[in-house]
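Working notes, beginning with the structure itself.
In our numbering, the protein residues as written are 27 to 535.
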């Protein structure tokens, strides 16, 4: 299991690193300007639909269903099931694309109402969104192919696909002089990347079982079971994305640059979510589905417990760093070109607020696997809707006094409510046993995080004093010092509190 996690996590890390290079280019070229805000609206709309329907609800419902059909009826039944789902998916996405293109001006009034005061910014947002929206159709098919490959225990190509997004955007941004604006260049990069990702996954699947084909639509028992699962899964996936939409809508009423601060802070906290939370969740869901299908309930529970431990082991350093020294991080990563240190300070404050909810963000996919692997997609919806309700209410209450920082803080609180309710439902259903050993492990990780945060804070103060004479690369040097200090302190804390035997046993699993 750990090897597959490292495969997914490694490619995801490479994707995030190239994503940072892309975002550094975006920050330097677009800055926190009205054009940047228009582009981020154009990017967020198809990206949110992708997260809701493609990577969110679809994978949640499809992977356990495909694994069940494959285990029950073999390759022939699984192929027919995939063909029917492919046909339905393709047709629905074509209809959605046509509707989006036709009604984009009306949609923009809802999604970015603050842009109505600036007709040029609104026109740009509509134009850029029409360029980016076909990406959704391509990435939905990529998700279908990736789900099939994951059930086959092939994770590499699906994990590596998003690297093409970053490469394509950097290539078009480097050629921005040939486009009407840099925003147009970035938007075309998104669309081009959709084709690149599609061909990567299609090629892998074609060489390992064959691509799905169009098939006559028939709602047999397996397809009906899939749709019974995808409905609640869609509602559950919408929780986070509705909160993102709420951020976008509210931020359009805030001063210029608020949307950009949210975006760049989100890019940083999405690093551990993608590399750790999504990687572990991607491996855990088919692992638990396979074990439960064979009747190995104890093995499924043990896999989830290991997933929780891995998630905390790798995510605690990010939580400590984002809370203790967010300003150093955002200055070192983004403060250059059109992106000023004042912009970096706004993004840093937003990052610290997001970091309060980082643990539930990275753990939620492993937590809901208890239900999704058993084809129970309805129960997590209750937790997601409760978290969403609190999230949106807090956004409205906090936006006036804290601006975009209040939006991020509300998202963090909503994430905690979502996770705690999911865990409570899992315990009540007998899917999770929070014994004394698990609670002891949690307490040790909390202590490691506190020690690391304190060490980083003192190291940042030391670096600010002793590196003040540097005329260039001061923030980059300070961040390098913090990385070295943080790695030594965290490694020492883990060895002191958990011991080498615990670490070896987890790395061998």
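Glycine included, C-beta positions come from ideal geometry on N, C-alpha and C.
Remember, it's a predicted structure, so these values are computed and weren't measured experimentally.
Quick one: using the 10 Å Cβ neighbour count with 16 as the cut-off for buried, is residue i buried or exposed?
i, result
"residue 155", "buried"
"residue 512", "buried"
"residue 391", "buried"
"residue 466", "exposed"
"residue 51", "buried"
"residue 242", "exposed"
"residue 415", "exposed"
"residue 421", "buried"
"residue 430", "buried"
"residue 234", "exposed"
"residue 209", "buried"
"residue 201", "exposed"
"residue 491", "exposed"
"residue 74", "buried"
"residue 308", "buried"
"residue 460", "exposed"
"residue 56", "buried"
"residue 526", "exposed"
I think residue i touches residue j, with their Cβ atoms under 8 angstroms apart; what is that distance to the nearest whole Å?
i, j, result
"residue 276", "residue 388", "25 angstroms between Cβ atoms; not a contact."
"residue 107", "residue 248", "5 angstroms"
"residue 355", "residue 505", "6 angstroms"
"residue 352", "residue 374", "4 angstroms"
"residue 119", "residue 169", "Between residue 169 and residue 119 the Cβ distance is about 11 angstroms, and since that is not below 8 angstroms, they are no contact."
"residue 181", "residue 34", "5 angstroms"
"residue 199", "residue 211", "5 angstroms"
"residue 464", "residue 489", "Between residue 489 and residue 464 the Cβ distance is about 37 angstroms, and since that is not below 8 angstroms, they are no contact."
"residue 447", "residue 408", "7 angstroms"
Give every residue of the same chain whose Cβ lies closer than 8 angstroms to the Cβ of residue i, excluding the five residues on either side of it in the sequence, and list them in chain order.
i, result
"residue 523", "470, 473, 474"
"residue 134", "67, 141, 148, 151, 152, 155"
"residue 189", "37, 40, 41, 44"
"residue 295", "344, 348, 377, 380, 381, 384, 387"
"residue 54", "362, 363, 364, 365"
"residue 127", "156, 159"
"residue 96", "103, 104, 177"
Tell me which residues share the same chain as residue i and place their Cβ nearer than 7 angstroms to its Cβ, disregarding the 5 neighbours each side in the sequence.
i, result
"residue 312", "89, 93, 176, 177"
"residue 174", "92, 108, 231"
"residue 130", "152, 155, 156"
"residue 48", "192, 195, 196"
"residue 398", "86, 90, 311"
"residue 222", "190, 194"
"residue 171", "227, 228, 231"
"residue 69", "158, 216"
"residue 500", "493"
Please go through the same chain and pick out, in chain order, the residues whose beta-carbon is closer than 6 angstroms to the beta-carbon of residue i, but skip the five residues on each side of it.
i, result
"residue 38", "185, 300, 301, 305"
"residue 71", "155"
"residue 370", "356, 357, 360, 361"
Exercise. Within the chosen definition, does the segment 239 to 257 reach the segment 394 to 412 through at least 3 CB pairs nearer than 8 angstroms?
Worked result: yes
Problem set entry | Contact the segment 306 to 318 vs the segment 509 to 517: 3+ CB pairs below 8 angstroms | no
Exercise. Quick check: the segment 60 to 74 against the segment 278 to 293, are there 3 or more CB pairs under 8 angstroms?
Worked result: yes
Exercise. Touching or not, the segment 422 to 442 and the segment 370 to 388, by the rule of three or more beta carbon pairs under 8 angstroms?
Worked result: yes
Exercise. Contact between the segment 156 to 165 and the segment 213 to 226: three or more CB pairs below 8 angstroms?
Worked result: yes
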